[in-house]
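Numbering (our numbering), first residue to last: 561 to 680.
Glycine is no exception: its CB is placed at the ideal position from the N, C-alpha and C atoms.
This report refers to the structure that appears directly beneath it.
This is how it looks when you write it as structure tokens:
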């Protein structure tokens, strides 16, 4: 009986360890900047609508816009939450506001790449 108990206990520990490692692999956690696919500007000239891609379990950490005389640099921080649906990609629109109208300035992502304007 003692040998069977020890074998069962050992097997239970191994199964528990493997399960814990498996569930740990599903946790992504952390944060990253969202890929910005395109932008549009509303009629006021100062509101940008950014089209971004996020996972179904992600949430927005912050949205920022820094503008100077020639360009506007935008970034959207995405917080990744653990779960099994992190491979589901959603396209959502988020808004950010500029200190002055966009006019002919370029819109850049956090790495300095030009973001295309969404065609109406």
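>> Does residue 602 pass the burial test, meaning 16 or more other C-beta atoms within 10 Å, or should it be called exposed?
In response: Label assigned to residue 602: exposed.
> Among residues of its own chain, excluding the 5 on either side of residue 652, which ones have a beta-carbon nearer than 7 Å to its beta-carbon?
Replying inline: Around residue 652: 612, 614.
> Applying the criterion that 16 or more other CB atoms from any shown protein chain within 10 Å of the CB defines a buried residue, is residue 581 buried or exposed?
Replying inline: At residue 581 the pLDDT is 42, less than 50, meaning the model places this residue with poor confidence and gives no usable figure here.
>> I need the straight-line Cα distance from residue 673 to residue 661, nearest angstrom please.
In response: In a straight line, the C-alpha of residue 673 is about 20 Å away from that of residue 661.
>> Would residue 598 and residue 638 be called neighbours here (beta carbons separated by less than 8 Å)?
In response: Taking 8 Å as the Cβ cut-off, residue 598 and residue 638 do not qualify as a contacting pair.
> What are the boundary residues of the beta strand (DSSP E) that residue 623 is part of?
Replying inline: Residue 623 -> beta strand (DSSP E) spans 619-627.
> For the candidate residues 617, 623, 589, whose alpha-carbon lies nearest to that of residue 657?
Replying inline: Residue 623 holds the alpha-carbon nearest to the alpha-carbon of residue 657 among 617, 623, 589.
> Helix, strand or coil: which one does DSSP assign to residue 660?
Replying inline: The answer is coil: DSSP assigns residue 660 none of H, G, I, E or B.
> By Cβ distance, which residues of its chain are closer than 7 Å to residue 595, with the 5 residues on each side in sequence left out?
Replying inline: Excluding residues within five positions, the ones whose Cβ falls inside 7 Å are 612, 613.
>> Comparing C-alpha positions only, which one of 676, 617, 655 sits nearest to residue 645?
In response: Comparing alpha carbon positions, the residue from 676, 617, 655 closest to residue 645 is 617.
>> Given this structure, state the Cα-to-Cα distance separating residue 670 from residue 607, to the nearest angstrom.
In response: Roughly 18 Å between the two C-alpha positions.
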